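**Q**
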Amino acid sequence: AEETTPSFIEDIFGRKYPILSPKHEDFPLLVSPGVSGQLNGNVKRFELESNISENGTVLGYETRKAGLINLEIGQLREATQLLNGGLASLNRPDALEESQGQALPPSLKERATYVRTSGGIESIDRQLKEQQDMLASNDEILTKIDQMLRDEKASDDQLRAQFGSKWTRATSDSNGKVQN
């Protein structure tokens with residue numbers, strides 16, 4: 001009965017793996033010729049066991065390689081999402097527009113045309129000046145409101161101290177709050 005080397009091995013969990021062939025065609029002949037006839041069965045067993053070891057090593061390598069590749073892909077996807085978020089916050093599309101040589105991208109040309117038809121740089125300067133004036137006006141209004149609230153609180157505290165328990169009006173601190 002001739003021994004045949006199985007083409008698959010089974011691990012303790014019943015999973016089957018292919019057996020890798022030896023690295024050298026004349027692997028059994030590497031044993032001295034006088035001993036090879038006596039050790040023929042042992043050599044085949046050694047070939048099988050070395051193939052099992054090689055197979056496990058290669059499978060471990062392939063698993064680690066696939067894990068590293070998946071990790072890199074995940075990191076690249078994360079970086080892409082971060083860049084797309086940055087572009088979106090700058091009011092840019094997900095992908096930057098390509099331009100050929102000295103030509104401007106079409107969206108930039110459209111925006112330039114819109115600015116020119118809306119009054120150009122003079123219009124932008126005028127709007128900035130108006131916004132600065134409105135900001136100064138709003139600051140003045142907020143300062144006046146803050147002063148009025150401080151005066152009302154001081155008056156409330158003075159009257160509460162003067163009349164004591166006879167003063168039943170709500171405190172000035174609670175006037176702006178929602179009552180339940």
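Under full-length UniProt numbering, the letters of the sequence shown match residues 1 to 180, in that order.
The beta carbon of each residue, even a glycine, is placed where N, CA and C say it ideally should be.
The structure presented is a predicted model; accordingly, all values stated were derived computationally and were not measured.
1) Give the single residue among Trp-167, Asp-173, Ser-165 whose Cα lies nearest to the Cα of Glu-152.
2) What are the start and end residues of the alpha helix (DSSP H) that includes residue 181?
3) Determine the direct distance from the alpha carbon of Lys-166 to that of Ile-124, and round the result to whole angstroms.
4) Give the DSSP-derived three-state secondary structure of Gln-102 in the structure shown.
5) Which of helix, strand or coil does DSSP assign to Thr-168?
6) Check this for me: beta carbons of Asp-156 and Thr-168, under 8 Å apart or not?
7) Compute the Euclidean distance between the alpha carbons of Gln-81 and Thr-113, then round it to the nearest angstrom.
8) According to DSSP, is Asn-91 helix, strand or coil?
**A** This is what the structure holds:
1) Sequence index remark: in the sequence shown, residue 152 carries index 152 (1-based). Ranked by Cα distance from Glu-152, the options Trp-167, Asp-173, Ser-165 are led by Asp-173.
2) The structure shown has nothing for residue 181, since the chain only spans 1 to 180.
3) In the sequence shown, residue 124 corresponds to position 124, counting from 1. In the sequence shown, residue 166 corresponds to position 166, counting from 1. If you take the alpha carbons of Ile-124 and Lys-166, they lie about 60 Å apart.
4) Residue numbering aside, residue 102 sits at position 102 when the sequence shown is read from its first letter. In this structure, Gln-102 counts as coil in the three-state DSSP scheme.
5) As a first step, residue 168 is located in the sequence shown; it is residue number 168 there, counting from the start. In the structure shown, Thr-168 sits in coil (DSSP, three-state: anything other than H, G, I, E or B).
6) For the purposes of this step, residue 156 is identified with residue 156 of the sequence shown, where counting begins at 1. For the purposes of this step, residue 168 is identified with residue 168 of the sequence shown, where counting begins at 1. With contacts defined by Cβ atoms closer than 8 Å, Asp-156 and Thr-168 do not form a contacting pair.
7) Within the sequence shown, residue 81 is the residue found at index 81, counting from 1. Within the sequence shown, residue 113 is the residue found at index 113, counting from 1. Roughly 32 Å separates the two Cα atoms.
8) As a position in the sequence shown, residue 91 is number 91, starting the count at 1. In the displayed model, Asn-91 falls within coil according to three-state DSSP, outside both helix and strand.
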